[in-house]
Amino acid sequence: MKKHIGIFAENLSRTVDRRMLVSLWASIRDADKIGRSFLQARTAMRYRFIISDPAIISVADIDAHIEKNSAYPYVELTRLEQSMKKWEIGANFAAHEDFVKLIREGNFTLHQAKCICYDIVSLFVKTVGKMNITEAVE
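Position 87 of the sequence shown, counted from 1, bears residue number 87 in the UniProt record's numbering, the numbering being contiguous throughout.
Structure below.
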């Protein structure tokens, strides 16, 4: 497993052309405590305060008539999660390259781009944490 994580970290570094450290530790067992996307949480809180509805806790609680940001890569994030669970290394790297391209060429605000990056890292931590991997690699 350490080899797979090492390869992942190396290819991710090459994709973004920066040195990176990917490390996992025992506290990842609490990965379920990691919140959903910051963008989703912020949207839910804004809606809750504007509408004054204390029942709104997450984006899923917002009525269906509220317009969602269709440009946000929900489908791509789901595809990445599935490939991570199956340890399809090639598909993982292709997905990361697609995300980098999407962010660079997309019409995202800086905040949306940060949220996409947060979601990718959060997804990685949650998925690997559920697999009980506790090794650090650089």
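Note that CB positions come from ideal geometry on N, CA and C, so glycine has one too. The structure presented is a predicted model; accordingly, all values stated were derived computationally and were not measured.
Taking a C-beta distance under 7 Å as the contact criterion, Ala-95 and Ile-103 do not qualify as a contact pair.
Here Val-100 has Thr-15, Val-16 as same chain residues with Cβ atoms under 7 Å from its own Cβ, once five neighbours each way along the sequence are excluded. Residue nearest to Cys-117 within the set Val-128, Ala-91, Tyr-72 is Tyr-72 (criterion: CA-CA distance). Counting the other Cβ atoms within 10 Å of the Cβ of Gln-82 gives fewer than 16, which makes it exposed.
Between Glu-97 and the set Ala-44, Ile-120, Gly-6, the nearest pair of CA atoms involves Ile-120. The Cβ neighbour count for Val-128, taken over all protein chains shown within 10 Å, is at least 16; the residue is labelled buried.
Residue environment: Met-45 is assigned as exposed (fewer than 16 neighbouring CB atoms within 10 Å of its CB, all protein chains considered).
In its chain, beyond the 5 residues on either side, Glu-81 have a beta carbon closer than 6 Å to the beta carbon of Leu-123. According to the DSSP assignment, Phe-93 belongs to the alpha helix (DSSP H) that extends over 89-105. For Lys-85 and Phe-93, the gap between their C-alpha atoms comes out near 14 Å. Within the model, the alpha-carbon separation for Thr-78 versus Gly-90 is close to 16 Å.
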